[in-house]
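**Student:** Just passing along the structure, written as structure tokens.
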Amino acid sequence: MLEHNQEYDNNLMANNLFEVSDQDKRFSENKSTQLTKSSLGELGQVLDSVMNPLRKKMLSLQEIYAEYLKCDTKNIQTDHKVFPSIKSRITKYVLTYKLTEFKKEELRKEDTEKENSYDFQNKEYQLINISLDEQVRIPMNILLGISKGGNKLIIQCVDGCGNFSLCFSYEKGNEKFVDEFEEHLCKLCEKNNFYKGQKISPKLEFLKLNDKTWDDVILDDFTKERIKSNIVDLFKKEEIYKKNGISSKCGLIWEGLPGTGKTLSAQVLAKDLKDITFIWVTPDDVYGAYE
273 MLEHNQEYDN NLMANNLFEV SDQDKRFSEN KSTQLTKSSL GELGQVLDSV MNPLRKKMLS
333 LQEIYAEYLK CDTKNIQTDH KVFPSIKSRI TKYVLTYKLT EFKKEELRKE DTEKENSYDF
393 QNKEYQLINI SLDEQVRIPM NILLGISKGG NKLIIQCVDG CGNFSLCFSY EKGNEKFVDE
453 FEEHLCKLCE KNNFYKGQKI SPKLEFLKLN DKTWDDVILD DFTKERIKSN IVDLFKKEEI
513 YKKNGISSKC GLIWEGLPGT GKTLSAQVLA KDLKDITFIW VTPDDVYGAY E
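Residues are numbered in the numbering used here as their position in the sequence shown, beginning at 1, plus a constant of 272.
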């Protein structure tokens, strides 16, 4: 166990290794502090007030939450919901552009002096594709106050490693409003899911398919029909499968030397699967994930 050496602290202070002018206006709150008689911990607090003069003027996130929700910090409840990372862009897009039935307010605290303004949000943005030819700008971090009819909550988007989290903070007892908002948000995300029915890569890039057809695929007719019946018909006749209790889980594995039609047949297959989400994964995508 490390032992605190008070004598060492005092010697350190007495040797004036840390010189601070008592004329500095930022020391107005610390004039009575006797540096030569202070421990390192106490000195650290004094130096922190110099290096970070705005800190005492700022509110913590919990205090910002309490101020917005109009309640005590002890009465704030926070729920976390975890989703696949693909939901991140969709949710941020909806919160930025499609959420109109609720009032949105960015949470920030500004000091009375403009130069001391402080924003709890990182104002970095990213460009994302919502179709093959259309891009939009969304914030990388979102922290919003949401209100409607006197009810309030705070939503925060958190990107993790391979997942995405939504954090809902609200006053205890207001769970009904949170459930209402979450249900509305889920419906909006489902309605505005710009990846649904599209052909994309694992990096969420939209793919431009060529104009090839099954006539360009150098395979015998029997093999082509087997591919269509096992994949294309599976989606086109989904209701028939369900009605007869037949499992719709099915897949195919292509195996063969280069130039035998594996890639081309998969590209034609993707084109045939209209309104079906198709994710094009190559060996490089798999290997790259572990590099």
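We put the beta carbon where it would ideally sit given N, CA and C, even for glycine.
Given the structure is predicted, the values throughout are model-derived calculations rather than measurements.
Grab me the residues of LYS480's own chain with a C-beta within less than 8 Å of its C-beta, minus the 5 sequence neighbours each way, in chain order.
**Tutor:** Hits under 8 Å: LEU404.
**Student:** Count the other CB atoms within 10 Å of the CB of MET285; is the residue buried (16 or more) or exposed (fewer)?
**Tutor:** Residue confidence is low: MET285 scores 39 on pLDDT, short of 50, so the model does not pin down where it sits. Its coordinate-derived value is still stated next. The residue is buried, with at least 16 neighbouring Cβ atoms inside 10 Å.
**Student:** Return the residue from the list LYS420, GLY523, ILE518 that minimises the CA-CA distance to VAL504.
**Tutor:** Minimum Cα distance to VAL504 is reached at GLY523.
**Student:** Taking Cβ positions, are PHE449 and LYS420 nearer each other than 9 Å?
**Tutor:** Yes, they are a contact pair.
**Student:** Between the stretch 504-518 and the stretch 424-434, do at least 3 Cβ pairs fall closer than 8 Å?
**Tutor:** The stretch 504-518 vs the stretch 424-434: no contact.
**Student:** If you follow the alpha helix (DSSP H) that ASP493 is part of, which residue opens it and which one closes it?
**Tutor:** Where ASP493 is concerned, the enclosing alpha helix (DSSP H) stretches over 493-499.
**Student:** Identify whether GLU377 lies in helix, strand or coil by the three-state DSSP scheme.
**Tutor:** Correct three-state label for GLU377: strand.
**Student:** When the Cα atoms are used, what is the spatial distance from ASN388 to TYR365?
**Tutor:** Note that ASN388 scores 38 on pLDDT, short of 50, meaning its location in the model is unreliable and no value can be drawn from it.
**Student:** Once DSSP output is grouped into helix, strand and coil, what is the label at THR350?
**Tutor:** Residue state, collapsed to three classes: strand.
**Student:** Check the C-beta distance from ASN464 over to ILE362 and give it rounded, since I have them as a contact under 8 Å.
**Tutor:** Indeed they touch by this definition, with Cβ atoms about 7 Å apart.
**Student:** Need the endpoints of the alpha helix (DSSP H) that GLU335 sits in, please.
**Tutor:** Where GLU335 is concerned, the enclosing alpha helix (DSSP H) stretches over 333-341.
**Student:** Following a CB-centred definition, is ILE362 positioned closer than 8 Å to any heavy atom of the ligand FAD?
**Tutor:** Among the ligands in the structure shown, none appear at all, so the ligand FAD cannot be discussed.
**Student:** Kindly identify the DSSP beta-bridge partner or partners of LYS471.
**Tutor:** In the DSSP output, where bridge partners are listed per residue, LYS471 has PHE550.
**Student:** Helix, strand or coil for LYS420, going by three-state DSSP, please let me know.
**Tutor:** Three-state DSSP puts LYS420 in a strand.
**Student:** Taking the alpha carbon of ASN347 as the point to measure from, which residue in LYS353, GLU339, VAL354 has its own alpha carbon closest?
**Tutor:** Nearest of LYS353, GLU339, VAL354 to ASN347, Cα basis: GLU339.
**Student:** Could you check whether CYS461 and LYS353 sit closer than 9 Å to each other, using their CB atoms as the reference points?
**Tutor:** No, the Cβ-Cβ distance between LYS353 and CYS461 is not below 9 Å.
**Student:** I need the straight-line Cα distance from GLU455 to GLU477, nearest angstrom please.
**Tutor:** Roughly 28 Å separates the two Cα atoms.
**Student:** For the alpha helix (DSSP H) containing TYR513, list its first residue and its last residue.
**Tutor:** TYR513 -> alpha helix (DSSP H) spans 510-515.
**Student:** Use the C-beta contact count for TYR369: other C-beta atoms within 10 angstroms, 16 or more gives buried, fewer gives exposed.
**Tutor:** The residue in question, TYR369, is exposed, as its Cβ has fewer than 16 Cβ neighbours within 10 Å.
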